[in-house]
Amino acid sequence: MDDTSQTLAKPPISTTNKRRRSSGAEKYGDDCGEECDAEAWEMLISGFRDVLPVLDRNRALIQQVNENHMSKIPDNLVNNITIIREINSNIAKVRSLYSDLSVNITNVVHQRRLDSKRRDE
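Quick note: the sequence shown uses my numbering, first residue 83, plus one each step.
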């Protein structure tokens, strides 16, 4: 499980993804619009980097809750209340981060469409 959390903490950028984006840019020319918008890609990457540590923390907390539950030790079971509250708080944080990311990406796409319409006029 440790290997997975370390892998998830740093989102991999594969060379195939880079090739796909390069191919898209070549296909549509220098002004490829929404398909290869560097600002939108950076916004997505940044958003996912903000979310991943929170999800990793929740994974560890859930594992702790399971261990506490399996132990059936009264103090551990009482500690689960605090841990579950933190998990719920983290879920709200992830929801908020994804919501903000969605709004930001939507604004970028909307702005690009407006810019494109203005150029076409």
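All C-beta atoms, glycine included, are put in the ideal place defined by N, C-alpha and C.
When only Cα atoms are considered, Asn148 and Asn140 end up about 12 Å apart. Taking 7 Å as the cut-off, the Cβ atoms of Asn172 and Val136 count as close. DSSP, read as helix, strand or coil, puts Asp119 in coil. Linking His151 to Gln193 through their CA atoms gives a straight-line distance of about 50 Å.
Looking at Ile165, Ile166, Ala174, Ser184, the one whose alpha-carbon comes closest to that of Gly129 is Ser184.
The shortest C-alpha to C-alpha distance from Glu121 to any of Val191, Val176, Ser198, Arg200 is the one to Val191. When the five nearest sequence neighbours on each side are left out, the beta carbons in the same chain lying within less than 8 Å of the beta carbon of Tyr180 are those of Gly129, Val133, in order along the chain. Shown here, Glu203 sits in coil according to DSSP, grouped into three states, outside any helix or strand. The DSSP-derived three-state label of Ile127 is helix.
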